[in-house]
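Let me begin by presenting the structure, written as structure tokens, before commenting on it.
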């Protein structure tokens, strides 16, 4: 009877240790995913800012439209992203933009697969061609107390 009690006790200890290890591992995984999502993509303009307008994005074809009036935009917004572009899928995209600033600064950024940031424009209007690289590619805007209108088309 004592042997059965010891075996059951050992089993309970083993199950408890496994459960604790699995839970802490899941917590770490959850935190890592949350941190990664916050760092790479702020899919909507954050709630404390005034945003009026529309936006669309199609990550599969790396297309997006952004037509908005913003007040106090202070942060980053990812317009379109592709995190798994294959070597044979690399292509050039064209971005048309118009930026009318009332206050602050706004930039359009291209973030390549090696996480290098390239400023594509800071003001006015025009178009720019970008050669996408294999791996992860991101097109986003960043603002510093920006108020005004932003119109962007990524094709």
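Numbering (this note's numbering), first residue to last: 6 to 160.
Even for Gly, the Cβ is constructed at its ideal location relative to N, Cα and C.
In this text the structure is predicted, and so the values were computed from the model without any measurement.
Notebook entry, point to check: What is the residue span of the beta strand (DSSP E) that residue 95 lies within?
Noted result: Locating residue 95 in the chain shown gives position 90, where the first residue counts as 1. No beta strand (DSSP E) holds residue 95; DSSP gives it neither H nor E.
Next item on the list: Reducing DSSP to helix, strand and coil, say where residue 156 ends up.
Entry: Taking the first residue of the chain shown as 1, we reach residue 156 at position 151. Three-state DSSP puts residue 156 in a strand.
Note to self: Between the alpha carbons of residue 129 and residue 109, how many angstroms are there, rounded?
What the structure shows: For the purposes of this step, residue 129 is taken as residue 124 along the chain shown, with counting starting at 1. For the purposes of this step, residue 109 is taken as residue 104 along the chain shown, with counting starting at 1. Distance between the alpha carbons of residue 129 and residue 109: 13 Å.
Next item on the list: State the DSSP-derived secondary structure class of residue 79, mapped to helix, strand or coil.
Entry: What you label residue 79 is simply residue 74 of the chain shown in a count that begins at 1. Of the three classes helix, strand and coil, the one that applies to residue 79 here is strand, per DSSP.
Check: Who does residue 110 pair with in a DSSP beta bridge?
Finding: Numbered from 1 along the chain shown, position 105 holds the residue referred to as residue 110. In DSSP, residue 110 forms a bridge with 149.
Check: How many angstroms separate the CA atom of residue 75 from the CA atom of residue 82?
Finding: Taking the first residue of the chain shown as position 1, residue 75 is located at position 70. Taking the first residue of the chain shown as position 1, residue 82 is located at position 77. Between residue 75 and residue 82, the C-alpha separation is close to 12 Å.
Next item on the list: Report buried or exposed for residue 39, applying the criterion of at least 16 other Cβ atoms within 10 angstroms of its Cβ.
Entry: The sequence position of residue 39 within the chain shown is 34, counting from 1. Because residue 39 carries a pLDDT of 40, less than 50, the predicted location of this residue cannot be relied on, and no value is offered for it.
Next item on the list: Check whether the Cβ atoms of residue 102 and residue 131 sit closer than 8 Å, and answer yes or no.
Entry: Residue 102 sits at position 97 when you count from the first residue of the chain shown. Residue 131 sits at position 126 when you count from the first residue of the chain shown. For residue 102 and residue 131, yes; Cβs fall inside 8 Å.
Note to self: Which residue marks the beginning of the beta strand (DSSP E) containing residue 122, and which one marks its end?
What the structure shows: Working through the chain shown from its first residue, we reach residue 122 at position 117. It spans 122 to 126 - the beta strand (DSSP E) in which residue 122 sits, taken as one unbroken run.
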